[in-house]
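Enquirer: Dropping a structure here in structure tokens format, bear with me for questions.
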Amino acid sequence: METIPALLASRLRTAVADFGSVEARVQAANDTRFGDYQTNIAMVLAKQQRANPRQLAQQIIDKIEVADLCEPPEIAGAGFINFRLKPAWLADRFAALVADEKLGVPAPATPRKYVIDFSSPNVAKPMHVGHIRSTILGDALARIAAFIGHSVVRDNHIGDWGTQFGMLLLGWKTELNRDALTADPLGEMERLYKLISGRSKEDPATLTAVHQELVRLQSGDEENLALWREMQRLSQTQFDTIYARLGITFDVTLGESFYNPWLKEVVAALVEKGIARESEGALCVFSDGTLPEKEDPFLISRDGEWVPMPALVQKADGAANYTTTDLATLDYRLREFAPDEILYVTDGRQQHHFRQLFAIFRRWQPGCAVHLNHVWFGAILGDDGKPFKTRSGETIKLAGLLDEAEERAFRIVTEKNPALDETERREIGRIIGLGAVKYADLLPNRQSDYIFSWDKMLALQGNTAPYLQYSYVRIRSIFRKAEQSPATAGEAASSPPSSPPLVGSSQLPLQHPAELALAKKLFAFGEVLPQVLEDFRPNLLCNYLYELASTFHSFFEACPVLKADAPTRASRLTLCDATARTLRQGLALLGIEVPERM
RNA sequence: GCGCCCGUAGCUCAACCGGAUAGAGCAUCGGAUUUCUAAUCCGACGGUUGUGGGUUCGAUUCCCGCCGGGCGCACCA
């Protein structure tokens, strides 16, 4: 289903063809006084041709053929062209929207294949608040891309290899508390890591022992490998528990270690192609001088001079590192999945790493058409504006955070709706608590740092998940009542709000301003979703859903549904049904569930 | 020092590749409920968009300088 702006834009393109070539952009009017949609095409064209914008606008209006869908367009301000849709067309359009399973989201011109690399926890470390944004953001993007009609591979790249295992192995062999391991495996492994890490900073002998354990692991020592596998297994169990709670799945879960067999080849290929060379014992990639200095990821300015900032692909001790693994991973993904796009959802501190990685890859495989995107995000901060930690300076564990969210939500449900039995209150608390956490994380612009606040996150007023869920609940309540009361012929959608159109297109008298506002807001779902994927910004979807919910609540207050006369009642029920479906689908795309009552 | 990001209402944040009178929520104040869930709605208050220039019909948005903050800067990932 084509969106309204796309429809108007195509009409504009035809009308403007004689005047020059310019991209026709149509957007929803920001004020109903101006109509429903607007374009600044005449002003853009006028600037291009040093012509009078209002005159050009008039010429465009004279030529454009839109009489079937809107009133004669009007010129306003410096040269805006405003469109006001005809009520009859609006009604037809609304009927089509209601009948559309995808709620007006247009099919992509060319479906693409996305590999989305997100979450990426580390073995032997509990998942903490630092993992939440990658996990939730990546999941939302995956859901959105799939819903639009792209194909998606969800790829969890586990940190299962690296120098931390030297510490863990030594700790495991010398300090392991079996009971603690049984009770809380990740807590115990974390304790061991911290213990040895602290000790090795002061004691050279410990440091040597740590290094020996690492070397033994890397050279294939059976005992160490077995312990390492045990740590992996215990960790994966914990990850799976968290992902199950969050409703998140992966198509591919592979550790960094999986790519070890290819590391030598990658390095050899880079050397052979002259991309990497030896420097201070390490193998490095230097600038090839094709980029301006400021944009070159292999240069850095020191004291007014541009000096090399190479990327290491092999350390002086012969071991590979992060960059090498990422190159091997990238190559593997291309061979295995042949994606059009790869998304790396990580925090913003890794921007330089990915710029280097992408640049090396382009030199290594110049013909490859894949788009590489570093979808980065800002930090989560505490009240003090510093990285979010507990009072004692510990990182906040994800499992505990989710527990607390559910518990707080449960207490609120109990307070608001004590009549429900405890099982149901628990379930509602779970849905609301998890929804609140996810929504609070997705709402800010992803590149901003944001301040974590329990109160804000679980606030039930304002732009929050519970507010959106409540809109849905109110609608469901209407339909429950509609079933009880003697329904007039042929309406009353029963349980799942995915019903077919309740009435025919000719019977949708959208007249009340609140009805029209709601219908127009519903049209916008299909306009917003592609934008979300364009810049990987789910916050646009959050804002849309909030506006939709807010528009619905206004409608709900202004327009009685069940008490309205027959044709109005039917059209209002249809509005409610479409709103419920859009809210439920929109929240589902953010990984958020809706309760039937709350 | 250099690079990236940021600076918008008392607080937390928006603003769709430059668009019309910069929007929300929280907080504060005032109103609405015998009516489909008041976890709601309606209204008021609140701004020199850090600062100084520039480009433009038009700038929170683009360019330059300055002030302030965060992050990063070769053998960790």
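Just so we're on the same page, my numbering is the position in the first sequence counted from 1, plus 11.
Even for Gly, the Cβ is constructed at its ideal location relative to N, Cα and C.
#1: Please find out if some non-hydrogen atom of the ligand GDP comes closer than 7 Å to the beta-carbon of Ala220.
#2: Would Ser130 be called buried (16 or more neighbouring beta carbons within 10 Å of its own) or exposed?
#3: Please go through the same chain and pick out, in chain order, the residues whose beta-carbon is closer than 7 Å to the beta-carbon of Gln60, but skip the five residues on each side of it.
#4: Counting only runs that start and end within the stretch 402–474, where is the alpha helix (DSSP H) found for 4 or more residues in a row?
#5: With DSSP as the reference, please indicate the residues paired to Asn167 in a beta bridge.
#6: Enumerate in chain order the residues of its own chain whose CB-to-CB distance from Ala17 is below 6 Å, with the five nearest sequence positions on each side excluded.
#7: Quick one: Cα of Ile75 to Cα of Ala26, how far?
#8: For the alpha helix (DSSP H) that contains Glu224, what are its first and last residues?
#9: Have a look at Leu203, Pro117, Gln175, Met178 and flag the residue whose alpha-carbon is nearest the alpha-carbon of Ala157.
#10: Could you give the residue range of the alpha helix (DSSP H) that holds Trp172?
#11: Spatial neighbours of Ile253 within its chain, please: CB distance less than 8 Å, with the 5 preceding and 5 following residues excluded, ordered by chain position.
#12: Specify, as a first and last residue, the run of the beta strand (DSSP E) that Ala89 falls within.
#13: Could you tell me which residues DSSP puts in a beta bridge with Leu309?
#14: Would you decide whether Cys379 is buried or exposed? Buried here means 16 or more other CB atoms lie within 10 Å of its CB.
#15: Please classify Ile353: does DSSP put it in a helix, a strand, or coil?
#16: Skipping 5 residues on each side, what residues in its chain have a beta carbon closer than 7 Å to that of Val33?
#17: Three-state secondary structure (DSSP) at Cys379?
#18: Tell me which residues share the same chain as Val282 and place their Cβ nearer than 8 Å to its Cβ, disregarding the 5 neighbours each side in the sequence.
#19: Taking the DSSP output, what are the residues bridged to Tyr48?
#20: Go ahead and label Asn188 buried or exposed: buried means 16 or more other beta carbons lie within 10 angstroms of its beta carbon, across all protein chains shown.
#21: Quick one: any contact between the stretch 99–114 and the stretch 372–392, if contact means 3 or more CB pairs under 8 Å?
#22: According to the neighbour-count rule (16 or more other Cβ atoms, all chains shown, within 10 Å of its Cβ), is Asn456 buried or exposed?
#23: So what does DSSP say about Asp103, is it helix, strand or coil?
#24: Check whether the Cβ atoms of Leu114 and Trp183 sit closer than 8 Å, and answer yes or no.
#25: Give the straight-line distance between the Cα atoms of Tyr450 and Leu600, rounded to the nearest whole angstrom.
#26: Looking only at DSSP bridge pairs, what is Thr388 linked to?
#27: Label Ser246 either buried or exposed according to how many other C-beta atoms from any shown protein chain fall within 10 Å of its C-beta, with 16 as the threshold for buried.
#28: What would DSSP say about Ile489, mapped onto helix, strand or coil?
#29: Going by the beta-carbon positions, is the gap between Asp337 and Leu383 smaller than 8 Å?
#30: For the candidate residues Gly597, Phe536, Pro520, whose alpha-carbon lies nearest to that of Ala575?
#31: How should Asp394 be labelled, buried or exposed, when 16 other C-beta atoms within 10 angstroms of its C-beta is the threshold for buried?
#32: By the DSSP assignment, the alpha helix (DSSP H) with Asp546 in it spans what residues?
#33: Rounded to whole angstroms, what is the Cα-Cα separation between Val77 and Ala528?
Expert: The short version:
#1: The ligand content of the structure shown is nil, which means the ligand GDP is not present either.
#2: With 16 or more other Cβ atoms within 10 Å, it is buried.
#3: Counting only Cβ-Cβ distances below 7 Å, and skipping sequence neighbours, we find Gly31.
#4: The qualifying runs are 409–427, 433–453, 465–468.
#5: According to DSSP, which records beta bridges pairwise, Asn167 is partnered with Thr264.
#6: Excluding residues within five positions, none has a Cβ falling inside 6 Å.
#7: Pairing Ile75 with Ala26, the inter-Cα distance amounts to about 5 Å.
#8: Per DSSP, Glu224 belongs to the alpha helix (DSSP H) from 215–229.
#9: Closest option to Ala157, Cα to Cα, is Pro117.
#10: Segment: none, Trp172 is in no alpha helix (DSSP H) and carries neither H nor E.
#11: Taking Ile253 as the centre and dropping the five residues before and after it, the same chain places the C-beta of Met138, Leu409, Ala410, Leu413 closer than 8 Å to its C-beta, in chain order.
#12: Per DSSP, Ala89 is not a residue of any beta strand (DSSP E), being assigned neither H nor E.
#13: As written in the sequence, residue 309 is Phe, which differs from the Leu given in the question. None, per the DSSP bridge assignment.
#14: With fewer than 16 other Cβ atoms within 10 Å, it is exposed.
#15: DSSP places Ile353 in strand when its eight states are reduced to three.
#16: Around Val33: Val27, Ile52, Val55, Leu56, Gln59.
#17: Cys379: coil per DSSP, three-state reduction.
#18: The residues are Arg288, Leu294.
#19: Answer is Ala39, Phe94.
#20: Within 10 angstroms of the beta-carbon of Asn188 lie fewer than 16 other beta-carbons, which makes it exposed.
#21: Under the three-pair Cβ rule at 8 Å, the stretch 99–114 does not count as touching the stretch 372–392.
#22: Asn456 is classed as exposed because its beta carbon has fewer than 16 other beta carbons within 10 Å across all chains shown.
#23: In this structure, DSSP gives Asp103 a helical state, which the three-state scheme calls helix.
#24: No, Cβ-Cβ distance for Leu114 and Trp183 is not below 8 Å.
#25: Computed Cα separation, rounded: 11 Å.
#26: Here residue 388 turns out to be Phe, not Thr, going by the sequence shown. For Phe388, DSSP records a beta bridge to Asp358.
#27: Buried.
#28: Residue state, collapsed to three classes: helix.
#29: No. Outside cutoff.
#30: Checked all of Gly597, Phe536, Pro520; the closest Cα to Ala575 is Pro520.
#31: Flag for Asp394 reads exposed.
#32: Run containing Asp546: 536–546, per the alpha helix (DSSP H) assignment.
#33: Taking the straight line from one Cα to the other gives about 22 Å.
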